[in-house]
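See below for the structure under consideration.
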Amino acid sequence: GRGLPRRLQRYNFELQRQVVQDVVGTRFDLVWLYGDVAGLTIDGHLGHPVVLDLVDYEAQRDFEVARSSKPWYALGEAVVARADRAALHRSVTSLARAAAIAVISSRVDAQSIDADVRVVPNGYRARGATSRSRFPRNDEEVTYLFVGTMGYRPNRDAAIWLAKDIWPAVLAVQPHAQLRIVGRNPPDELNGAQNVVATGEVDDVQRELDRADVALVPVRLGSGTRVKILEAWANDLPVITTPKAAEGLPAV
170 GRGLPRRLQR
180 YNFELQRQVV
190 QDVVGTRFDL
200 VWLYGDVAGL
210 TIDGHLGHPV
220 VLDLVDYEAQ
230 RDFEVARSSK
240 PWYALGEAVV
250 ARADRAALHR
260 SVTSLARAAA
270 IAVISSRVDA
280 QSIDADVRVV
290 PNGYRARGAT
300 SRSRFPRNDE
310 EVTYLFVGTM
320 GYRPNRDAAI
330 WLAKDIWPAV
340 LAVQPHAQLR
350 IVGRNPPDEL
360 NGAQNVVATG
370 EVDDVQRELD
380 RADVALVPVR
390 LGSGTRVKIL
400 EAWANDLPVI
410 TTPKAAEGLP
420 AV
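In structure tokens form, the structure reads like this:
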């Protein structure tokens, strides 16, 4: 665990490495590793060409989540969070340089890593999307939609910020508007918000997309690209988002 950020120090990489080596053996010509934990598990010991899929730049995401965890953000936490980000950056850079190919979903994230990292954008295929030809008027009952698993801190932060701080301003202009926040484990802070329905987990997100007029993505933390924006685009939904949420997408 020495030299690793706190998030990774709990892993027994020696044990994981042995398990992976036993499973892979000599049966494969190429190994695809998903995420920094998988990369650190192997750490050059596999003996096979490796494609390292970094997914998103977790060093930046972890730093932003840590920074937002306390309103006052004490100096000690700031120092530790910055040290964690630096440690993870060193580890990811080393892994990316050692891999045959390293890939990531966002151009912005790729530029943050001191290695040759290829950008492979996320994609989304719509299922039965309904074509929309107009934007709803203010005097209509407009349905806004936010989708995200609330166990993921950036989504949880976005949902609470949306319901508590943004949504009242929307209702002042569109008093008949409805907000549906879709995703498992909705936070208690959403309870009692006017014209807000927190559905929890649903059987089919497509039904929520079909009934919505506008997708909201008020994400303030994290890295990578937001598949929820691609999902809305694929379903002809207009998207209102933050600059952070739109990072890495050819939106502007």
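For what it's worth, this note's numbering labels the leading residue of the sequence shown as 170, then goes sequentially.
Ideal Cβ placement from N, Cα and C applies to all residues, glycine included.
Is the Cβ-Cβ distance between leucine 184 and leucine 202 less than 8 Å? Here residue 184 refers to the residue found at position 15 of the sequence shown. Here residue 202 refers to the residue found at position 33 of the sequence shown. Cβ atoms of leucine 184 and leucine 202: not closer than 8 Å.
At a cut-off of 7 Å, would you count leucine 202 as near the ligand GTP, judging by its Cβ distance to the nearest heavy atom? Absence of the ligand GTP from the depicted structure is noted, as is the absence of any ligand whatsoever, leaving it without description.
How is tryptophan 241 classed by DSSP in three states: helix, strand or coil? Sequence index remark: in the sequence shown, residue 241 carries index 72 (1-based). Residue confidence is low: tryptophan 241 scores 47 on pLDDT, short of 50, so the model does not pin down where it sits. No coordinate-derived value is stated.
Mind checking which residues open and close the alpha helix (DSSP H) that includes glutamine 375? Taking the sequence shown and counting its residues from 1, one reaches residue 375 at position 206. That run of the alpha helix (DSSP H) goes 374-380.
If we ignore side chains and look at the alpha-carbon of each, how far apart do alanine 267 and aspartate 283 end up? Position 98 of the sequence shown, counted from the first residue, corresponds to residue 267. Position 114 of the sequence shown, counted from the first residue, corresponds to residue 283. Approximately 12 Å, taken between the alpha carbons.
Measure how close the beta-carbons of asparagine 291 and leucine 399 come, nearest whole angstrom, since I'm counting them as under 8 Å. Residue numbering aside, residue 291 sits at position 122 when the sequence shown is read from its first letter. Residue numbering aside, residue 399 sits at position 230 when the sequence shown is read from its first letter. Going by Cβ atoms, the distance from asparagine 291 to leucine 399 rounds to 6 Å, so yes, they are a contact pair.
Looking at valine 408 and valine 374, is the spacing between their C-beta atoms short of 8 Å? For the purposes of this step, residue 374 is taken as the residue at position 205 of the sequence shown. For the purposes of this step, residue 408 is taken as the residue at position 239 of the sequence shown. No, they are not a contact pair.
Mind listing, in chain order, the continuous beta strand (DSSP E) runs of no fewer than 3 residues lying wholly within the stretch 319-379? 347-351 and 365-369
If I follow the unbroken beta strand (DSSP E) through alanine 271, where does it start and stop? Counting from 1 along the sequence shown, the entry for residue 271 is found at position 102. From DSSP, the beta strand (DSSP E) with alanine 271 extends over 270-273.
Going by C-alpha distance, which of Arg353, Asn364 and Asp357 is nearest proline 337? As a working mapping, residue 337 is identified with position 168 in the sequence shown. Checked all of Arg353, Asn364 and Asp357; the closest Cα to proline 337 is Asn364.
Would you kindly work out how many angstroms separate the C-alpha atoms of alanine 332 and glutamine 347, rounded to a whole number? Counting from 1 along the sequence shown, the entry for residue 332 is found at position 163. Counting from 1 along the sequence shown, the entry for residue 347 is found at position 178. Whole-angstrom Cα-Cα distance: 11 Å.
At which residues does the beta strand (DSSP E) containing leucine 314 begin and terminate? Translated into the one-based positions of the sequence shown, residue 314 becomes position 145. Taken as a continuous stretch (DSSP letters only), the beta strand (DSSP E) holding leucine 314 covers 312-316.
Below 8 Å on the Cβ atoms is my guess for arginine 349 versus threonine 318; work out the distance and round it to an integer in Å. Translated into positions along the sequence shown, residue 349 becomes position 180. Translated into positions along the sequence shown, residue 318 becomes position 149. Wrong, their Cβ atoms sit about 15 Å apart, outside the cutoff.
First and last residue of the uninterrupted beta strand (DSSP E) at leucine 221: Indexing the sequence shown from 1 puts residue 221 at position 52. Its beta strand (DSSP E) spans residues 219-222.
State the DSSP-derived secondary structure class of leucine 257, mapped to helix, strand or coil. As a working mapping, residue 257 is identified with position 88 in the sequence shown. Reduced to three states, the DSSP call for leucine 257 is helix.
Straight-line Cα distance separating alanine 403 from aspartate 382: The residue labelled residue 382 in the question sits at position 213 within the sequence shown. The residue labelled residue 403 in the question sits at position 234 within the sequence shown. Rounded to whole angstroms, aspartate 382 to alanine 403 spans 14 Å at the Cα level.
What separation, rounded to the nearest whole angstrom, lies between the Cα atoms of aspartate 278 and alanine 362? Sequence index remark: in the sequence shown, residue 278 carries index 109 (1-based). Sequence index remark: in the sequence shown, residue 362 carries index 193 (1-based). Their backbone Cα atoms lie some 35 Å apart in a straight line.
Contact defined as beta carbons within less than 8 Å: I believe isoleucine 335 pairs with glutamate 358. What is the distance between those atoms, to the nearest angstrom? In the sequence shown, counting from the first residue as 1, residue 335 sits at position 166. In the sequence shown, counting from the first residue as 1, residue 358 sits at position 189. Not a contact, Cβ separation roughly 13 Å.
Are the CB atoms of leucine 418 and alanine 384 nearer to each other than 8 Å? Locating residue 418 in the sequence shown gives position 249, counting from the first residue. Locating residue 384 in the sequence shown gives position 215, counting from the first residue. Not in contact: leucine 418 and alanine 384 (Cβ atoms no closer than 8 Å).
Grab the span of the beta strand (DSSP E) containing arginine 287 for me, first residue to last. Residue 287 sits at position 118 when you count from the first residue of the sequence shown. Unbroken beta strand (DSSP E) run through arginine 287: 286-288.
Where valine 383 sits in the DSSP three-state scheme: Position 214 of the sequence shown holds residue 383. The answer is strand: DSSP assigns valine 383 an E or B state.
Helix, strand or coil at leucine 410 according to DSSP, with G and I counted as helix: Sequence index remark: in the sequence shown, residue 410 carries index 241 (1-based). According to the sequence displayed, residue 410 carries threonine and not leucine. In this structure, threonine 410 counts as strand in the three-state DSSP scheme.
Tell me the rounded alpha-carbon separation between proline 344 and lysine 413. On the sequence shown, position 175 is the one that residue 344 refers to. On the sequence shown, position 244 is the one that residue 413 refers to. Distance between the alpha carbons of proline 344 and lysine 413 is about 28 Å.
Looking at the structure shown, is leucine 399 part of a helix, part of a strand, or coil, going by DSSP? Translated into positions along the sequence shown, residue 399 becomes position 230. Helix, per DSSP.
Which whole-angstrom value is the C-beta distance of alanine 255 and leucine 223, which I expect to be below 8 Å? Taking the first residue of the sequence shown as position 1, residue 255 is located at position 86. Taking the first residue of the sequence shown as position 1, residue 223 is located at position 54. At roughly 17 Å, the Cβ-Cβ gap does not stay under 8 Å, so alanine 255 and leucine 223 are not in contact.
For valine 188, which beta-bridge partners are listed by DSSP? Sequence index remark: in the sequence shown, residue 188 carries index 19 (1-based). In DSSP, valine 188 forms no bridge with anything.
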